[in-house]
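Data first, discussion second: the structure below is written as structure tokens.
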Amino acid sequence: MEPQEIREGYLVKKGTVLNSWKAVWVVLSDDGLEFYKKKTDRSPKGMIPLKGAALTSPCQDFSKRMLVFKITTEKKQDHFFQASHIEERELWVKDIKRAINCMKDGKKFARRSTRRSIRLPEKVNLAELYALLKDQDDGVKELKLEQDNRVFNHCFTGATVVEWLVVKGKARNSPEALMLATGLLNEGFLQAAGDLSKEGAECAVQATFLNDTKALYYFADSGFFCEGCSSDEDVLLKEEFRGNIIKQGCLLKQGHRRKNWKVRKFILRDDPAYIHYYDPSKGDDPLGSIHLRGAVVTAVESAPDAKKYDIDGNLFEIITADETHYFLQAATAEERKEWIKAIQAVSKCGK
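82 is the number that the numbering used here gives to position 82 of the sequence shown; each next residue is one higher, with no gaps.
Take a look at the structure:
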């Protein structure tokens, strides 16, 4: 029988010989993980067998890279992949773990919920808990806090999170709330902002969340930035980065000069209305931005200078208010529809 295809999409992979990270097209089947240099390639660049494999997530081997997971094969070969955002990593990890377990038990792949690496009650869903924490009306409030001559924007204290979990009935007591918060930290939903919280996060294999009024944290996909700080990990963000993140993920983008197509990570924010794009294999500094206020976005069948073997449909075009044209490609027709809908909404409402 042909292997069942379970999931496919763009991920960033660490080279097995060189230490370079590159975006690749990945296809997960019930017996292995194939990765391609381009989505349109017919032959994979490599294949990772899942029989006897082990998966580690979150993988904290790289201090400068978040959202990494590791697959260790039966022959003890390590393969590292990085997702573009938390929800994407969760989906890949869940399906890969399930595929490994099904092979081990001799069963056919079928999706079901799996537990995170930290020992939490079976009924806890960290992704849902994170969404509740971020709720603008009833969640933890993001504040501007001063500490050590620095100003931390869009953050909160560890004590605030623990108190919220108890008051809202998500935990029976402070120790249980601390366990849940540690789970959110280890899974990458919460990030350490100040020196004290960073020390707790880096002191052990499993990061430690601190129930302290001086320990600062922020939501992983918020508009956090720090002023007056020279640390390489803290990025001073401009006004255009302060909107709420509406959608994020990898798309193919056509270059304006050479007209070549490259995988880029896109982050769409609502107010002000911007979409920023990044090299998914590198750091957090954007390669560019598109101001969406008054922009028009539509599905198209072709793009200028696009060669048939380089591109295979699901294209859409953004035309900005100053008549700059951007051509992008989604992985599927449904994904294209979702991006167009989200960009249209932001272009009408954001400033």
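Every residue gets a Cβ at the ideal spot worked out from N, C-alpha and C, and that includes glycine.
Quick check on the burial criterion: 16 or more other C-beta atoms within 10 angstroms. Buried or exposed for residue i?
i	result
Arg119	The predicted position of Arg119 is uncertain, since its pLDDT is 48 and thus under 50; no value can be drawn from it.
Gly194	buried
Ser230	With a pLDDT of only 40 at Ser230, under the threshold of 50, the placement of this residue in the model should not be trusted, and no figure is reported.
Pro175	exposed
His325	exposed
Glu146	exposed
Glu5	exposed
Ala177	buried
Arg116	Unreliable positioning characterises Arg116 in this predicted model, as indicated by a pLDDT of 40, which lies under 50. The coordinate reading is nonetheless provided below. With 16 or more Cβ atoms within 10 Å of its Cβ, Arg116 is classed as buried.
Leu143	exposed
Glu233	Residue placement at Glu233 cannot be trusted, given a pLDDT of 39 that sits under 50; the coordinates are not used to answer.
Gly15	exposed
Arg258	exposed
Glu352	What the structure shows of the chain is the stretch from 1 to 351, and residue 352 is not part of that stretch, so it cannot be assessed.
Ala330	buried
Ser113	Confidence in Ser113 is poor, its pLDDT being 38 and thus under 50, which makes the residue's placement unreliable; the coordinate value appears in the next sentence. Counting Cβ neighbours within 10 Å, Ser113 comes out exposed, since fewer than 16 surround it.
Val205	Since pLDDT at Val205 reaches only 44, below the 50 mark, its modelled position is unreliable, and no value is offered.
Asn186	buried
Leu236	Note that Leu236 scores a pLDDT of 37, beneath 50, so its modelled location is shaky; the value from the coordinates is reported in the next line. Flag for Leu236 reads exposed.
Asn153	buried
Val93	buried
Could you spell out where the beta strand (DSSP E) holding residue i opens and where it closes?
i	result
Arg89	Note, Arg89: premise wrong, no beta strand (DSSP E); alpha helix (DSSP H) at Ile86 to Asp105.
Pro49	Gly46 to Pro49
Val151	Arg150 to Thr157
Gly249	Ile245 to Gln254
Gly385	Not covered by the structure: residue 385. The range shown for the chain is 1 to 351.
Ile311	Segment: none, Ile311 is in no beta strand (DSSP E) and carries neither H nor E.
Phe209	No beta strand (DSSP E) holds Phe209; DSSP gives it neither H nor E.
Phe316	Leu315 to Ile319
Gln191	Leu190 to Ala192
Lys265	Trp261 to Arg269
Lys144	Leu143 to Gln147
Asp285	Looking at the DSSP string, Asp285 is not in any beta strand (DSSP E), and its letter there is neither H nor E.
Phe219	Leu216 to Phe219
Asp279	Counting along the chain, Asp279 falls outside any beta strand (DSSP E), and DSSP gives it neither H nor E.
Asp78	Asp78 to Gln82
Gln136	Note, Gln136: premise wrong, no beta strand (DSSP E); not H, not E.
My assumption, with CB atoms under 8 Å, is that residue i sits in contact with residue j. Please give the rounded CB distance.
i	j	result
Thr320	Ala295	5 Å
Gln82	Val17	Incorrect: roughly 18 Å between the Cβ atoms, too far for contact.
Val140	Leu133	5 Å
Ile343	Leu268	7 Å
Lys247	Tyr277	Incorrect: roughly 13 Å between the Cβ atoms, too far for contact.
Ala171	Phe209	Incorrect: roughly 12 Å between the Cβ atoms, too far for contact.
Val26	Gly9	6 Å
Tyr274	His256	About 18 Å; that fails the 8 Å criterion.
Gly200	Ala192	7 Å
Ile100	Leu67	20 Å between Cβ atoms; not a contact.
Ala215	Gly158	4 Å
Thr40	Asp312	6 Å
Tyr130	Phe62	Contact doesn't hold; Cβ gap of about 22 Å is too wide.
Locate the alpha helix (DSSP H) running through residue i, then write down its first and last residues.
i	result
Lys348	Ala333 to Cys349
Ala303	Per DSSP, Ala303 belongs to no alpha helix (DSSP H) and is neither H nor E.
Ser174	Ser174 to Asn186
Ala131	Leu126 to Leu133
Requested in this report: Could you tell me whether the segment 29-38 touches the segment 55-68, using the rule of 3 or more Cβ pairs below 8 Å?
Outcome: no
**Report entry** alpha helix (DSSP H) segments (min. 4 residues) lying fully within the segment 2-71
**Finding:** none
Requested in this report: Would you check if there are 3 or more beta carbon pairs closer than 8 Å linking the segment 67-81 to the segment 257-267?
Outcome: no
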